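K.L.:
If you're matching them up, the sequences are chains X and B in order. No gaps in the numbering here: position 70 of the first sequence is 70 in the working numbering, and each next residue is one more. Add 284 to a position in the second sequence, counting from 1, and you land on the number used in the working numbering.
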Amino acid sequence: MKPPPVVYHGPDTLEEAVRLMAEHGAEAKVLAGGQSLVPLLNMRLTAPARLVDVNRLDDLAYVHSDRHGVRVGALARHADLEHATHAFETIPLLRQAVRTVAHPTIRNRGTTVGSLVHADPCGEMPAVLALLDGEVVLRSERDGERTVPARDFFVGPMESACREDEIAVEAFFPRPAGRTGSDWRELSRRNGDYALCGVGTLVRVDDAGAVSAAKAAYIAMGPVPQVVDLTAAAADGDWSAAADHAAEQLDPEDDIHASAEYRRQLARVLTARSLRAAYEAVAP
Amino acid sequence: MTEQRHQVTVAVNGVARRAEVPARRLLADFLRADLGLTGTHLGCEHGVCGACTVLLDGAPVRSCLMFAVSADGHDVTTVEGCREPAGDLGPVQQAFLECHGLQCGFCTPGFITTITAYLEENPKPTEEEAREAIGGNLCRCTGYQNIVAAVLRAAELKREREAPHE
Chain X
1 MKPPPVVYHG PDTLEEAVRL MAEHGAEAKV LAGGQSLVPL LNMRLTAPAR LVDVNRLDDL
61 AYVHSDRHGV RVGALARHAD LEHATHAFET IPLLRQAVRT VAHPTIRNRG TTVGSLVHAD
121 PCGEMPAVLA LLDGEVVLRS ERDGERTVPA RDFFVGPMES ACREDEIAVE AFFPRPAGRT
181 GSDWRELSRR NGDYALCGVG TLVRVDDAGA VSAAKAAYIA MGPVPQVVDL TAAAADGDWS
241 AAADHAAEQL DPEDDIHASA EYRRQLARVL TARSLRAAYE AVAP
Chain B
285 MTEQRHQVTV AVNGVARRAE VPARRLLADF LRADLGLTGT HLGCEHGVCG ACTVLLDGAP
345 VRSCLMFAVS ADGHDVTTVE GCREPAGDLG PVQQAFLECH GLQCGFCTPG FITTITAYLE
405 ENPKPTEEEA REAIGGNLCR CTGYQNIVAA VLRAAELKRE REAPHE
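Written out as C-alpha cells, the structure is:
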C-alpha cells in the first residue's frame, strides 16, 4: 500500500530538528534511514501527522573510534559502521553483528541509532548495545542532552526510553576491558531474514588463558534484549554447561516461526559454539 | 485536506529531473508515475522483495522505503541507466539474456541494479559470493540458478569490456 498523508519537515540543522520535535513531538516521528518506519507507514500500521526528516544533518553521519570505544552518530548507516575499519579494530563485535542486519541494500540506508530507537527485540544492534553496556545520547529542547544506559533504554518490544520530543543523536559502544574475545551468530531460515534466535558473546581471559568474565546477549528470545552473565558458569571452560545455564534463564515465546522449546534449544547450541569462538579468538 | 507539495529535483541516470510531489510520494512512485520511468518495479512495498532497488549515489537502496523528498539533490540510477552509454545492453543485462536469468522479468530490474553496484565493489565474485550478493532479491520463476550464473557471466563481460583495447 501507500503511506498516509503526512506533513514533511526537512531541517538543515540539529537545532532546527530539536525545535520541531519540541513543537510537534506528540504527532511527529523522526525519519532517518526509514527501513523500519517506512514499511510501517506503507502498511498503514502507523500514521504520524508529521515527519521530521534528519537525512540532511550530515554532521551526524559519523563513526568515531578511540581507546574508550566507538561513537556512532544518528545518521551513520549500518553500512558505514560495517565498513569502518577503525570501529572493527576497536570492537570486532560491531562488524560481526552488523553484517547480520538484513541485507546489504537495507544496511546502505538503515541507521544504527535508528534501529536502537526502534527497539525491535529481533534487532541485532539493541542486543549489541546491551551486551557492551553502551548508552544512547538523546536531545530535546526541554532537557538538553541526556544519556541513557542500554539497560534503561530498551523498555519493551518496539519501545525505547526516547521520549516523543527527543531525538537520539548518538550511540556509544564501549570497548570491552582487557583481553576479551567476541562472537555473534544467529539462525534464520534464509540469509538476511529475521533470526529465530541470535546470540552475541564476550569472553575475557587472563594471561594464563583462564576465563575471568563471560556474558551473552540474545535476540528474538524475549521482549527486550536479554543479557545473561555467564562468568561463573563458564569459569572452567565447559561451554556446554554454560550454554545450558544460559538457556535456563531465557523465556522465549512460541510464534509461527518457531516454538519456544525449539528457540531454547537453538540458544543452547548457538551459545556453546559462540562462547568457544569468542574464547578461541583471544586464548593464548 | 489539500496535501502540501514539494519541489523535488533528482539527477536520474545523469539527467536532472524535477517534479512537484506530496511528501508521501515514494521514490519508486516518483520514478514511475511522475517521471514515466517504469523500469523500476514495485512488488511488496515493504522492503522485502527487492524489485524496486535503485542506486542512490551509487549504492543500492529500496526505492519503496524512501520518499522522493528525501532524494532531493541526490543521484539515482535505475535499470534504464544500467545500459551502455550508446544504448546497447549493459554487461549485467547481456549476462541475464545469455544465461536465461529471467522468465517473467518482474524482479529483474532490482537484480540488474543490485548486481551492477555489486560488481563495482567485487569485480570477480565466487559462486558463493554471487549467491550472497543476490540474497536480498526475490525471484518466483527461476530458482536462482541462472541468476547466479548471470552474476558470474556479467563479471566476465564487464572485465572484457573494460579491458584496454589493443
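For each residue, glycine too, the CB sits at the ideal point set by N, CA and C. Every value quoted in this text rests on a predicted model; they were computed, and no experiment measured them.
Rounded to whole angstroms, what is the Cα-Cα separation between A258 (chain X) and S188 (chain X)?
P.N.:
Going by the C-alpha atoms only, they are around 11 Å apart.
K.L.:
Grouping DSSP H, G and I as helix and E and B as strand, with all else coil, what is K29 (chain X)?
P.N.:
Strand at K29 (chain X).
K.L.:
To which residues of the same chain is K29 (chain X) closer than 8 Å at the C-beta, ignoring the five residues directly before and after it?
P.N.:
Excluding positions up to five away in sequence, the list reads L37, T46, P48, R50, L51, V52.
K.L.:
If you compare alpha carbons, which of X:A278, X:A283, X:P284 is closest to Q96 (chain X)?
P.N.:
Of the listed residues, the one whose Cα sits closest to Q96 (chain X) is X:A278.
K.L.:
Can a CB atom of chain B be found closer than 8 Å to the CB of Q96 (chain X)?
P.N.:
By this cut-off, Q96 (chain X) is not an interface position.
K.L.:
Just how far apart, CA to CA, sit L20 (chain X) and L57 (chain X)?
P.N.:
So the two alpha carbons sit approximately 14 Å from each other.
K.L.:
According to DSSP, L339 (chain B) sits in a beta bridge with which residue or residues?
P.N.:
Its beta-bridge partners are B:P344, B:T361.
K.L.:
With which residues is L310 (chain B) paired in a DSSP beta bridge?
P.N.:
L310 (chain B) is bridged to B:F351.
K.L.:
Please report the distance separating the alpha-carbon of S115 (chain X) from that of A447 (chain B).
P.N.:
One C-alpha to the other measures close to 42 Å.
K.L.:
Helix, strand or coil for P174 (chain X), going by three-state DSSP, please let me know.
P.N.:
Three-state result, P174 (chain X): strand.
K.L.:
Closer than 8 Å by beta-carbon distance: list the chain B residues that pair up with M1 (chain X), in chain order.
P.N.:
Here the neighbours are E329.
K.L.:
Give every residue of the same chain whose Cβ lies closer than 7 Å to the Cβ of A272 (chain X), excluding the five residues on either side of it in the sequence, and list them in chain order.
P.N.:
Hits under 7 Å: W239, S240, A243.
K.L.:
Return helix, strand or coil for H78 (chain X), following the three-state DSSP convention.
P.N.:
Here H78 (chain X) sits in helix by DSSP.
K.L.:
Return the chain-ordered list of same chain residues with a C-beta closer than 6 Å to the C-beta of Y218 (chain X), the five sequence neighbours on each side being excluded.
P.N.:
Cβ neighbours of Y218 (chain X) beyond the five flanking positions: V199, Q226.
K.L.:
Is the CB of R109 (chain X) under 8 Å away from at least one CB in chain C?
P.N.:
The structure shown contains no chain C; its protein chains are X and B.
K.L.:
Check for me: the beta strand (DSSP E) holding T398 (chain B) runs from which residue to which?
P.N.:
Counting along the chain, T398 (chain B) falls outside any beta strand (DSSP E), though it belongs to the alpha helix (DSSP H) covering 392-405.
K.L.:
Tell me the rounded alpha-carbon separation between T180 (chain X) and A76 (chain X).
P.N.:
C-alpha separation (whole angstroms): 26 Å.
K.L.:
Within the continuous beta strand (DSSP E) that includes Y218 (chain X), where are the two ends?
P.N.:
Per DSSP, Y218 (chain X) belongs to the beta strand (DSSP E) from 211-219.
K.L.:
When you compare each of X:V18, X:P92, X:L60, X:A127 to A281 (chain X) by their alpha carbons, which one comes out closest?
P.N.:
Answer by Cα proximity: X:P92.
K.L.:
On the CB-based measure, 16 or more other CB atoms within 10 Å of its CB, does Q378 (chain B) come out buried or exposed?
P.N.:
Looking at its Cβ environment, which holds 16 or more other Cβ atoms inside 10 Å, Q378 (chain B) is buried.
K.L.:
Taking only three categories from DSSP, how would you classify L138 (chain X)?
P.N.:
Looking at L138 (chain X) - three-state DSSP - the assignment turns out to be strand.
K.L.:
Just checking my contact of R142 (chain X) with D165 (chain X) at CB under 8 Å: how many whole Å lie between their CB atoms?
P.N.:
Indeed, because the Cβ distance is near 6 Å, the residues count as touching under 8 Å.
K.L.:
Bridge partners of W184 (chain X), per DSSP?
P.N.:
Answer by DSSP bridge pairing, in chain order: X:G200.
K.L.:
So, for H330 (chain B): in the same chain, excluding its five sequence neighbours on each side, which residues have a beta-carbon less than 8 Å away from its beta-carbon?
P.N.:
Once the five neighbours on either side are set aside, the close Cβ partners of H330 (chain B) are C348, L349.
K.L.:
Name, please, each residue of chain B whose Cβ falls closer than 7 Å to the Cβ of G34 (chain X).
P.N.:
Chain B residues near G34 (chain X): L349, M350.
K.L.:
Which residues of chain X have a Cβ atom closer than 9 Å to the Cβ of P409 (chain B), listed in chain order?
P.N.:
The contacting residues do not exist; P409 (chain B) stays about 13 Å from chain X at best.
K.L.:
Give the DSSP bridge partners of V296 (chain B), in chain order.
P.N.:
Looking at the DSSP assignment, V296 (chain B) forms a beta bridge with B:V299, B:V360.
K.L.:
Would you kindly check if the distance between the Cβ of A246 (chain X) and the Cβ of A311 (chain X) is under 8 Å?
P.N.:
Since the first residue shown for chain X is 1 and the last is 284, residue 311 (chain X) is missing from the structure and cannot be characterised.
K.L.:
How many angstroms separate the CA atom of L373 (chain B) from the CA atom of P4 (chain X)?
P.N.:
C-alpha separation (whole angstroms): 38 Å.
K.L.:
Between the Cα of F351 (chain B) and the Cα atoms of X:G73, X:H64, X:Y62, X:V54, which residue gives the shortest distance?
P.N.:
It is X:V54 whose Cα lies nearest to the Cα of F351 (chain B).
K.L.:
Cutting at 6 Å between CB atoms, please list the residues of its own chain near R151 (chain X), excluding the five before and the five after it.
P.N.:
Contacts found: none.
K.L.:
Roughly how many angstroms lie between the CA atoms of S182 (chain X) and P223 (chain X), to the nearest whole one?
P.N.:
Straight-line Cα distance between these residues: approximately 24 Å.
K.L.:
Go ahead and pull the three-state DSSP assignment for S115 (chain X).
P.N.:
S115 (chain X): helix per DSSP, three-state reduction.
K.L.:
Put A102 (chain X) into one of helix, strand or coil per three-state DSSP.
P.N.:
Reduced to three states, the DSSP call for A102 (chain X) is coil.
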